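Visitor: After the structure tokens below, expect a handful of questions from me.
4 protein chains.
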Amino acid sequence: MNEWSPPQPKLDLQAALTASLRDVSAYQGQGSLPSYIPALSQVSPNKLGAAIALGDGGAFVAGDGDEPFSIQSISNVFTLSLALQHLGAALFNRVGKEASGSATNSIVQLELEKGKPRNPLINSGALVVDDQLIGGDSGDVAIDELLQFLRERSGEEGIAIDEKVAISESQAGSLNRSLAHYIAAFGNLSHPVEEVVSVYFRQCAIAMTCRQLARAALYLAFDGIDPITGDQVILPNRCRRILALMMTCGHYDNSGDFAFRIGLPGKSGVGGGILVVVPNVGAAAVWSPGLNASGTSLAGTMLLEKLVERTGWSVFG
Amino acid sequence: MNEWSPPQPKLDLQAALTASLRDVSAYQGQGSLPSYIPALSQVSPNKLGAAIALGDGGAFVAGDGDEPFSIQSISNVFTLSLALQHLGAALFNRVGKEASGSATNSIVQLELEKGKPRNPLINSGALVVDDQLIGGDSGDVAIDELLQFLRERSGEEGIAIDEKVAISESQAGSLNRSLAHYIAAFGNLSHPVEEVVSVYFRQCAIAMTCRQLARAALYLAFDGIDPITGDQVILPNRCRRILALMMTCGHYDNSGDFAFRIGLPGKSGVGGGILVVVPNVGAAAVWSPGLNASGTSLAGTMLLEKLVERTGWSVFG
Amino acid sequence: MNEWSPPQPKLDLQAALTASLRDVSAYQGQGSLPSYIPALSQVSPNKLGAAIALGDGGAFVAGDGDEPFSIQSISNVFTLSLALQHLGAALFNRVGKEASGSATNSIVQLELEKGKPRNPLINSGALVVDDQLIGGDSGDVAIDELLQFLRERSGEEGIAIDEKVAISESQAGSLNRSLAHYIAAFGNLSHPVEEVVSVYFRQCAIAMTCRQLARAALYLAFDGIDPITGDQVILPNRCRRILALMMTCGHYDNSGDFAFRIGLPGKSGVGGGILVVVPNVGAAAVWSPGLNASGTSLAGTMLLEKLVERTGWSVFG
Amino acid sequence: MNEWSPPQPKLDLQAALTASLRDVSAYQGQGSLPSYIPALSQVSPNKLGAAIALGDGGAFVAGDGDEPFSIQSISNVFTLSLALQHLGAALFNRVGKEASGSATNSIVQLELEKGKPRNPLINSGALVVDDQLIGGDSGDVAIDELLQFLRERSGEEGIAIDEKVAISESQAGSLNRSLAHYIAAFGNLSHPVEEVVSVYFRQCAIAMTCRQLARAALYLAFDGIDPITGDQVILPNRCRRILALMMTCGHYDNSGDFAFRIGLPGKSGVGGGILVVVPNVGAAAVWSPGLNASGTSLAGTMLLEKLVERTGWSVFG
């Protein structure tokens, strides 16, 4: 019926990735590191890596794309997947679906909305997701479930928490503790604050490479089915909803700008990583530690912009 | 490369549209009419219409899809297209790209951001777009340009302003005047407030049918090219950006929920209309006057949800 | 019963006033002029004047205390007195009594409180007071009533509007128009916006000297009775309430700091004037055009601080 | 110089107090108890007491004025006195002096002002005061200093913490913990959150009678000198500043209304107590557990209003 034209079949993705990385190399080292987490601020700002994973198993890597980095709140996408598996739509009784219109750690909106975070991808929402993920178990069980999930999805048994980063997160965790206590004050937290934030600090401290991250996210590009293993990871309907949330709320207070420039559902982390999903095609991950004013990787965003120009992967045509 | 499966080639769109309309008929008359615009509150709440326009010229209509209604702020999509044609990216020096995180007519964000509206699809942003559209001409010229554009894009010479609605808008226009004066206080308005709001009141009062609206928006589905006439209406890059803004900011304070449920770039109007764009496929418009708490058509949203379930048109897979 | 010790009977007020003015002369010219009102920004920043009026008719003047200046929102105290005379406590159905916690021209609070200004001494509240003062008459009648009131209370027939300033206010009046339209949107304005703001622009443009201002305010120090003429200007109960509002809300976003440093009910204007009332004693006015970051006269505040140290006039002991 | 007329010398204060209490007896039991602190919600809502302490040692008590109740945040006045003794004006580097324009436990303002509470009498500000009061010691030392201070000032050795209430406060303390972590996130807290909040929970749980409270606050009415013992408790200048803060910020989001109706510096607690200071005369305390919508004792405020009408004690004449 419609005259859909597929992506150029002859497109050389390795070349496209390498060229896009080269395009932005002048921006390596620009932007700022998150000084409030000492362990993150010690990473070399000159790192620059990228990787693509396709549904047919194809993988393309450039620059430092095989070096592990702290995935930070990119992990929210995976805890959200797990919590949706457990709870379904009931999850959204306790967390909204709208962009916050403010910084990821803003507490203002939380006051106006009486302890119900605006969406599951900002800090406050991720804490409510973690609280639900813990469920009848402990925080340790929840974090193990997450690690196991990431190992299975990426096929890499070595994925682990960087304990030094986790400790640093906890020591610098005043704002997240404040958010959690605030949510608790409105009765929207079932477990003790320290148990919930300790899950959050550890999930943020998970170290993965761009290659691993792109591979792990493939299920999000194929209606919830891991195209390599054939596992139905989450239901199709829920998969689309996670992508919608990534598109509208995945990058703090510059989610709109990201959609505007890249046109793909994605999630940024203050470790400098960005994950994007290309529906029906695959996933990509980039890493460059320097952040823009909103906390998203500066060179990483530019690299993705170049890549999307070359591949035509924007969902907007 | 990727194993993309196209939409069902045999899908009977007329049947899908009719069935989707029937699915939600129980919700006809539910929701509330916008009491602050008397002319709108007199419309029969039981109206329910829908239409689809495809790139090959195919058109499908159901219910009241051939009855004109007030397009209201759906018009913002077209003034944005025109202003981008005139000004390009410079437009975004004076208006942002982020979801507002609050109601369409909120003035709070405007104070925090010193008179620069969050995005061009909320009231305040649309006023700044209109100000730029007027440019060196008058408000009358700007509104004529818009009418001419809509007539060309829809192929219907009869498209006109409902003067009774325009007068009603102006009489009830305190909030929009407040926003415009506020923007002017920060030096972000080039023309007198009354000239700018008079363009806005008139563009909101344009009457169109679902069939006309879907047809007029086809250029947005095909990288800025009207697939029927072949006209390059706007550049591809700008077209994608309009769609990104529609996805993240098109439905007031329930833009996230709309993306979550429908998965298509769209724009709602308080007249009960909703326009959605299906990249590389076409456009659809629905109309049902009863609004949900955020000002989006209640039955209209449900109808689109059913239609997307049947067609698999979500950009998220 | 209580061992009240009266202010030093031998206190030489002229000497105290002159010395206080001399104390702060180093600060003459510091601070900033309100650039958004051109006519005000042309005043010499080196002006510095002060005056005291006592209940027994005593008057003390120093520096430029006999030179007229633009009283700006100090006028809100007088329109509030007149509106309370007309309407009594019903006035407070449409305007609150709490400090706003933000700048005088903030519109945020107005959104949260649905068009009901926080108090009658900030811009938005003064507009609602003006609207009530107009009542069944016109804006011209209201402004005449105010002028007549000030002439009677000061015994100076020459008090008048500085038309050049009034025009400048109106030309720069976007923010006040925005506030007025916003209030109107919530149905909290009975007259057209232009009629209400034109009263406000003119009351702000009234020119008075420190001597006249202190004299005119004497009724506020004596339970509503003008101690010179014996006129009951307002009821005692209402007089105390005006003073309470001046104490808690009289100086924009530094009302608390003013109470902290001066300890007297007062009202600042962006023309650089400050009026304070000393219950059971008299009133004082100062003028120095340079403003602090919150819009209150910088040297004027310091002068009052020095004067209160010398006189022991703080209501807090 | 000025013709000051002293309060009626023959005024029978006992009669005035008893009559004022009788006037409001119809309102006993009205208002609501603070359900979020279980121990407070179990107090009988019908309690109604009042007491006056004069500089000459005179004391007047009515109703339940000799029954201990939880003073809650009235204690902020005393910790502020102690911290000012220790630190002087440096205290205000870390806490402001302005009314918050919102509820006592609002976190919004804290975000806008980057962790610096608006004033020392709201929850967030009291936490910063406690942090400074702890100084180089421990929280236990700080709370002992406060208890010792209250025992000395009231001459009652039995004043103590109600441990049941303290535990209840801590268990219900999510919001205060959130505020403290938030302040800590901006580097404005020197001690661990749990140490600071444990001081706050205990100071709020101190039980005192109206008689004790009025007596303890006498130093605030006499320029910092306890008129019974002659002790210079705090410097005169600091005393006046505490009274200014009580006038502008002493009653959450109804501080303006309280100044408007009562005209005296005061402080409310959610235990239903209110303390007011009459400069150069004495102090009064009332207690009635039912609270108005802003958290101030409903019948207590009315009782004070009646008392001030009879005594003419308003600082505004």
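Chains as they are written, first to last, in our numbering: chain Z, 2 to 318; chain F, 2 to 318; chain X, 2 to 318; chain H, 2 to 318.
Glycine included, C-beta positions come from ideal geometry on N, C-alpha and C.
Small disclaimer: the values here were computed from a predicted structure and weren't measured.
1) Cutting at 8 Å between CB atoms, please list the residues of its own chain near PHE317 of chain X, excluding the five before and the five after it.
2) Can you give the Cα-Cα distance for ALA91 of chain X and GLN133 of chain X, rounded to whole angstroms?
3) Compute the beta-carbon to beta-carbon distance between SER155 of chain F and ARG203 of chain F, rounded to the nearest angstrom, for a pair I have assumed lies under 8 Å.
4) Roughly how many angstroms separate the alpha carbons of GLU196 of chain X and LEU176 of chain X, rounded to a whole number?
5) Is the region 251-267 of chain F in contact with the region 306-314 of chain F, if contact means three or more CB pairs nearer than 8 Å?
6) Say whether chain X places a C-beta atom closer than 8 Å to the C-beta of LEU22 of chain H.
7) Can you list, in chain order, the residues of its chain with a C-beta nearer than 8 Å to that of LEU14 of chain X? Leave out the 5 residues immediately preceding and following it.
8) Rounded to whole angstroms, what is the Cα-Cα separation between PRO280 of chain X and LEU128 of chain Z?
9) Where does PHE317 of chain F fall in DSSP's three states?
10) Spell out whether any CB of chain F is found under 8 Å from the CB atom of GLU114 of chain Z.
11) Ordered along the chain, which non-local residues of its own chain (more than five positions away) have a Cβ less than 8 Å from that of SER298 of chain X?
12) Is the number of C-beta pairs between the region 112-123 of chain Z and the region 180-193 of chain Z that are closer than 8 Å three or more?
13) Does the Cβ of HIS87 of chain H have 16 or more other Cβ atoms within 10 Å, making it buried, or fewer, making it exposed?
14) Label LEU122 of chain H either buried or exposed according to how many other C-beta atoms from any shown protein chain fall within 10 Å of its C-beta, with 16 as the threshold for buried.
15) Whose C-beta lies closer than 6 Å to the C-beta of ALA167 of chain H among residues of the same chain, with five residues either side of it excluded?
16) Classify LEU113 of chain Z: buried if its beta carbon has 16 or more other beta carbons within 10 angstroms, exposed otherwise.
17) Between TYR253 of chain F and chain X, is there a C-beta pair that is closer than 8 Å?
18) Could you tell me which chain F residues have their CB closer than 8 Å to the CB of HIS182 of chain X, listed as they occur along the chain?
19) Give the C-beta separation of LYS48 of chain X and ASP65 of chain X to the nearest angstrom, bearing in mind that I take them to be a contact with Cβ-Cβ under 8 Å.
20) So GLN43 of chain X and ALA300 of chain X are in contact, right, with Cβ under 8 Å, and what is the actual spacing, rounded?
21) Within a Cβ cutoff of 6 Å, which residues of the same chain sit near SER315 of chain X, ignoring the five residues on either side of it in sequence?
22) What does the alpha-carbon distance come out to for the pair ILE38 of chain H and GLY174 of chain H?
23) Work out the CA separation of GLY97 of chain H and VAL78 of chain X for me, nearest whole Å.
24) Under a CB-based cut-off of 8 Å, is LYS98 of chain X close to chain H?
25) So which residues of chain F does CYS250 of chain Z contact, with C-beta pairs closer than 7 Å?
26) For ALA127 of chain F, would you say it is in contact with chain X, using Cβ-to-Cβ distances shorter than 8 Å as the test?
27) Among X:GLY257, X:PHE259, X:PRO228, X:ASP224, which has the Cα closest to the Cα of ILE243 of chain X?
28) Shorter than 8 Å from the beta carbon of GLU4 of chain H to some beta carbon of chain X?
29) Give a yes or no on whether 8 Å exceeds the smallest Cβ distance from ARG241 of chain F to chain B.
30) ILE235 of chain X by DSSP, collapsed to three states: which one?
31) For GLY126 of chain F, collect the residues of the same chain with a Cβ closer than 6 Å to its Cβ; drop the 5 residues on either side in sequence, then sort them by chain order.
32) If contact means a Cβ-Cβ distance below 8 Å, which residues of the region 197-230 of chain H contact chain X?
33) Give the DSSP-derived three-state secondary structure of MET2 of chain X in the structure shown.
34) Once the 5 residues before and after LEU22 of chain Z are set aside, which same chain residues still bring their CB inside 7 Å of it?
35) Output the boundary residues of the alpha helix (DSSP H) element that contains LYS165 of chain H.
36) Name the DSSP bridge partner or partners of PHE356 of chain X?
Guide: Looking at the coordinates:
1) GLY264
2) 10 Å
3) Not really, about 18 Å apart at Cβ, beyond 8 Å.
4) 15 Å
5) yes
6) no
7) ILE53, LEU55, GLY59, PHE61, THR312
8) 55 Å
9) coil
10) no
11) GLY32, SER269, GLY273, GLY274, ILE275, VAL287, TRP288, SER289, PRO290, GLY291, LEU292
12) yes
13) exposed
14) buried
15) PHE202, ARG203, ALA206
16) exposed
17) no
18) SER175, LEU176, ARG178, SER179, HIS182
19) 5 Å
20) Wrong, their Cβ atoms sit about 19 Å apart, outside the cutoff.
21) GLY264, VAL309
22) 9 Å
23) 26 Å
24) yes
25) GLY257
26) no
27) X:ASP224
28) Residue placement at GLU4 of chain H is poorly supported in this model, since its pLDDT is 44, which falls under 50; the coordinates are not used for a value here.
29) Of the protein chains in the structure, Z, F, X and H, none is chain B.
30) coil
31) VAL96, PRO118, ASN120
32) ALA222, PHE223, ASP224
33) Model confidence at MET2 of chain X stands at a pLDDT of 36, short of 50, so the residue's coordinates are unreliable; what they give is reported in the following sentence. Coil.
34) LEU49, ALA51, ALA63, GLY64, LEU304
35) 164-172
36) Nothing in the structure corresponds to residue 356 of chain X, since chain X is present only between 2 and 318.
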